[in-house]
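Per full-length UniProt numbering, residue 1 is the first one in the sequence shown, and the count goes up by one each step. Note that CB positions come from ideal geometry on N, CA and C, so glycine has one too. For reference, the structure discussed in these notes is given below.
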Amino acid sequence: MAQSDFPGWHGTTIVAVKKDGEVVIAGDGQVSLGQTVIKGTARKVRRISPGGHDVLVGFAGSTADAFTLLERLEAKLETTPGQLVRACVELAKDWRTDKYLQKLEAMLLVSDGRELFVITGAGDVLEPEHNVAAIGSGGNFALAAARAQMDTNKSAEEVARTAMAIASDICVYTNGNLTVETIKG
Numbered sequence: 001m002a003q004s005d006f007p008g009w010h011g012t013t014i015v016a017v018k019k020d021g022e023v024v025i026a027g028d029g030q031v032s033l034g035q036t037v038i039k040g041t042a043r044k045v046r047r048i049s050p051g052g053h054d055v056l057v058g059f060a061g062s063t064a065d066a067f068t069l070l071e072r073l074e075a076k077l078e079t080t081p082g083q084l085v086r087a088c089v090e091l092a093k094d095w096r097t098d099k100y101l102q103k104l105e106a107m108l109l110v111s112d113g114r115e116l117f118v119i120t121g122a123g124d125v126l127e128p129e130h131n132v133a134a135i136g137s138g139g140n141f142a143l144a145a146a147r148a149q150m151d152t153n154k155s156a157e158e159v160a161r162t163a164m165a166i167a168s169d170i171c172v173y174t175n176g177n178l179t180v181e182t183i184k185g
């Protein structure tokens, strides 16, 4: 099979909701190759604790690429404990300028409970305007569903879970097998 014929890995919806002093990151468990579900229980949301400071990370894209970025972020956080913005900006700079890292195909959602960022390979460190961010194949569905619920009495976790349920009903690359992590600001 030629490289251009390779169907590619698809999957993942990750949503982050910042509400009432906490951040929840939820992600589904589906990994697909073309039209085939390869795994339904992948864990794409993680809690890391470099330097004793908890940080939640959700990732979409190539798993190996995401783990490479996760390791780099953890190293940045170890050298700048408690400084999430600085670590994210340093990671994005490296990602944008390093020839090896430039080839990585993944995105990250990152939060320490106070701040929430989307980190991309284009060198972006974005803080969402409406305290909701989403990435992955069903990201736009989850983003719209979460934003629609932000003015309700639902908790951050309830908003995230409902948004993921809606995304999994619409996106064929997203399932309802969730990993949900919460961190307080």
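- Considering only Ala122, Asp65, Gly123, Ala165, the residue with the shortest C-alpha distance to Gly139 is Ala165.
- In the DSSP assignment, Lys39 falls within the beta strand (DSSP E) that extends over 36-39.
- Leu56 is a Cβ neighbour of Arg47, given a cutoff of 7 Å.
- The three-state secondary structure of Arg47, taken from DSSP, is strand.
- By the 16-neighbour rule on beta-carbons within 10 angstroms, Glu181 is buried.
- Listed as beta-bridge partners of Ile135 by DSSP are Ile14.
- Counting C-beta atoms within 10 angstroms of its own C-beta, Thr174 has 16 or more neighbours from the protein chains shown and is therefore classed as buried.
- If only complete runs of 3 or more residues are kept, the segment 55-139 shows the beta strand (DSSP E) at 55-61, 106-111, 116-119, 132-136, in order along the chain.
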